[in-house]
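With the sequence shown counted from 1, adding 4 to any position gets you the working numbering.
Note that the Cβ used here is the ideal one computed from N, Cα and C, for glycine as well.
The structure presented is a predicted model; accordingly, all values stated were derived computationally and were not measured.
Written below as structure tokens is the structure these notes are about.
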Amino acid sequence: MDLVDSHTHLDFKDFDDDRDEVLKRSRQLGVRRMVVLGVYQRNWQRLWNLVQQDADLYAAFGLHPVYLDEHRAADITELGDWLARLKGHRQVCAVGEIGLDYFLEQLDRERQRALFEAQLQLAVDFQLPALLHVRRSHAATIATLKRIRLPRGGIIHAFAGSREEAREYIKLGFKLGLGGAATWPQALRMHKVIAQLPLESVVLETDSPDMAPAMYPGQRNSPAHLPDICRALAEKMAISPSMLAEASTRNACEVFNW
């Protein structure tokens, strides 16, 4: 298998003790390239330092809605400065992780929307795809994407919406990220949805260190788990793992212009 992990947080401290071993093991299992996403201003430099040490790691920079209280007004300007300074660098692949989280009720929705729209505009301005966090907010996200059209589209991370929502995202130029959550036996509704998704719209991801798949319960997630995730999801989709791996890698390369 030749795989791309389209969504990781390998810069997180969870990997500080064995990051090199995780990368080596993942490559041995066929995970060739990995995208590392920023979530707040204070991890962008750490993330970029990590990516610069490995030619097959790629960076996305963004302000995650869950960390809303940590973001300052100046962070949007600084994000624009980072993207301008690194414009055209082969290892900068997207704006992300950004989006809307309506599951956590303490997060101010109006502030989230303003932050989301400002970052989408940066994706437009710098001709980059966007990697989106969408939790209990599909309708609002779709409406926003219809107003702010992204020429390069992007990926809906950890897609868990309906068939109809999937269709709307696909029409807007987005791929759907599938990972560990969909491998769990109790995710019956999601199993029905993913079985109907067009292969040309699916990308695989881990969200490491979070969202461990069913075969690794309670463990730290890792890019090394992506082949097992691929096999489990291929079974749900009634296709071969190699077919899913090939499609996912092709789709990721399309998104990131690799």
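Query                                                                                             : Result
Distance between P69 and T253 (C-alpha atoms, nearest Å)                                          : 28 Å
Heavy atom of the ligand SAM within 8 Å of A127 beta-carbon                                       : Because no ligand of any kind appears in the structure shown, any question about the ligand SAM cannot be addressed here.
A199 (DSSP reduced to helix, strand or coil)                                                      : coil
Rounded Cβ spacing between H75 and V40 (contact assumed at less than 8 Å)                         : With a Cβ gap of about 19 Å, H75 and V40 do not count as contacting.
Assigned secondary structure, L130 (DSSP; H/G/I helix, E/B strand, else coil)                     : A quick correction: the sequence has Phe, not Leu, at residue 130. Coil at F130, not helix or strand.
Nearest-angstrom Cβ-Cβ length linking Q123 and P155, presumed shorter than 8 Å                    : That pair is no contact at about 15 Å.
Bounding residues of the alpha helix (DSSP H) (the contiguous stretch that carries F178)          : No alpha helix (DSSP H) contains F178, which is instead part of the beta strand (DSSP E) from 178-182.
Range covered by the beta strand (DSSP E) that runs through R29                                   : Note, R29: premise wrong, no beta strand (DSSP E); alpha helix (DSSP H) at 23-32.
Neighbourhood of Y48 by C-beta, 7 Å cutoff - its chain only, sequence neighbours within 5 removed : The identity of residue 48 in the sequence shown is Trp, whereas the question assumes Tyr. Excluding sequence neighbours, W48 sits near G42, F65, W86.
Backbone secondary structure at Y71 - three-state DSSP                                            : helix
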